[in-house]
Amino acid sequence: MGTPTKWLEWRKGMAPLFVFACMTALPPSSAPLHAEVKLPDPLVIAHRGASAIAPENTAAAIREAIRLGAKVIEFDVRATRDGELVLFHDKELDRVAGRPGTIEESDWSAVQTFDVGKWFAGGRFTGEKVLRFDDAIRLCLEGGAIPLIEHKTGSAEAYAAVIAELEVADKVIVQSFNWTFLSEFQQAMPDVLIGALGSKELTAEHLADLKSLAPDWVGWNFKDLKNTDLPTLHDLGATVVLWTVNDPDIARTKVAAGVDGIITDVPDLVAAALQEG
């Protein structure tokens, strides 16, 4: 596949950590990107942390993903009413926080009191709190994992400010279904890797927009992206990632067809399947 220059530079920058986006058991790629480093291929990405065994988008889920060996951890970010960026996927609070309303309607002072663990695994994670964006980045990096930041709400400037303050522009990836946001973020922080997310049929209009945006990777619903779409996306210089694949056999089939990475709730199982070939 074609590999964008910025992607190469970023991977080199992560060399001291021997960064790879799969489990340590996966075989290394034959093409070294740095004199001392050979990176595994494909990417295996923990979706909302290890969300099959811990409540999604929490510190517990991130820690579990790290424990399982995940080296790329995806999490969702929303902005509170008073501008704090926090981890939360759903538009509504009820499923995870057990109350009405939204993150965007709530101030951080209220959000930090929400229990987002009680709903999961019979209450075993009761007391788990909403995680701030900056704390999630730190937690991932301290565990040797790359933060894959999925924008839900909040301005490009707000995301850029946190990333700049932490001085981690060369250590994170930002992705979104909102390609306008990605364009704005790209202007604010041109050195940060970006990923364009999508679903449904990949159309000529999509391709035109992707060519203009030039994302470092494209993440698509695994049910919608055809194998015949892969060469076209690779020709744009993009790494191609599929979401959300929890069947190890499907993951293995997609990677064999040329997909570069898998986003999954069960990163350990997918990685093991890919290792088995």
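Quick note, in our numbering, the sequence shown goes up one by one and the last residue is 1467. Every residue, glycine too, gets a C-beta built ideally from N, C-alpha and C.
Identity of the residues DSSP links to residue i by a beta bridge
| i | result |
| --- | --- |
| His1237 | Glu1264 |
| Thr1429 | Trp1407 |
| Ile1453 | Ile1235 |
| Asp1305 | Lys1319 |
Neighbour-count burial assignment, residue i, 16 or more Cβ in a 10 Å radius
| i | result |
| --- | --- |
| Pro1218 | Here Pro1218 scores only 36 on pLDDT, less than 50, and its place in the model should not be relied on; the value that follows carries that caveat. The residue in question, Pro1218, is exposed, as its Cβ has fewer than 16 Cβ neighbours within 10 Å. |
| Pro1222 | Because the pLDDT of Pro1222 is 28, which lies under 50, any placement of that residue in the model is unreliable, and the question is left without a value. |
| Asn1417 | exposed |
| Gly1317 | exposed |
| Glu1340 | buried |
| Thr1393 | exposed |
| Pro1290 | exposed |
| Glu1357 | exposed |
| Ala1386 | buried |
| Ala1463 | buried |
| Gly1427 | buried |
| Asp1406 | buried |
| Ala1348 | buried |
| Gly1388 | buried |
| Lys1342 | buried |
| Gly1344 | buried |
| Gly1239 | buried |
| Lys1181 | In this structure the chain extends from 1191 to 1467, so residue 1181 is not present and cannot be described. |
| Lys1281 | exposed |
| Ala1335 | buried |
| Glu1466 | exposed |
Any non-hydrogen atom of the ligand PLP within 6 Å of residue i CB
| i | result |
| --- | --- |
| Leu1426 | In the structure shown, the ligand PLP is absent, as is every other ligand, since no ligand is present at all. |
C-beta atoms of residue i and residue j nearer than 7 Å
| i | j | result |
| --- | --- | --- |
| Ala1441 | Ile1452 | yes |
| Asp1272 | Asp1297 | yes |
| Trp1433 | Gly1409 | yes |
| Phe1278 | Ile1263 | no |
| Met1379 | Ala1404 | no |
| Ala1255 | Ala1236 | yes |
| Ala1346 | Glu1374 | yes |
| Leu1331 | Ile1252 | no |
| Ile1384 | Val1364 | yes |
| Thr1422 | Asp1450 | no |
| Phe1412 | Val1431 | no |
| Leu1275 | Phe1315 | no |
Original post:
Given 8 Å as the limit, is there contact between the segment 1280 to 1293 and the segment 1301 to 1312, that is, 3 or more CB pairs closer than that?
Top reply: yes
**OP:** Jot down the residue ranges of each uninterrupted beta strand (DSSP E) in the segment 1311 to 1365, minimum 3 residues, whole runs only, in chain order.
**Re:** Within the segment 1311 to 1365, the complete beta strand (DSSP E) segments at least 3 residues long are 1336 to 1341, listed from N- to C-terminus.
Original post:
How about the segment 1247 to 1261 and the segment 1457 to 1467: do they share at least three Cβ pairs that are nearer than 8 Å?
Top reply: yes
Original post:
Pairing CB atoms from the segment 1396 to 1403 with CB atoms from the segment 1351 to 1362, are three or more of them under 8 Å?
Top reply: no
**OP:** Just list the alpha helix (DSSP H) runs in the segment 1368 to 1399, keeping only unbroken ones of 4 residues or longer that don't cross its boundaries, in chain order.
**Re:** 1369 to 1378
**OP:** Answer yes if the segment 1243 to 1251 comes into contact with the segment 1309 to 1323, meaning at least three C-beta pairs across the two stretches below 8 Å, and no otherwise.
**Re:** yes
**OP:** Decide if the segment 1266 to 1273 is in contact with the segment 1367 to 1383; the criterion is three or more beta carbon pairs, one per stretch, under 8 Å apart.
**Re:** no
Original post:
Where are the alpha helix (DSSP H) runs, 4 residues long or more, that stay fully inside the segment 1251 to 1298, in chain order?
Top reply: 1284 to 1287
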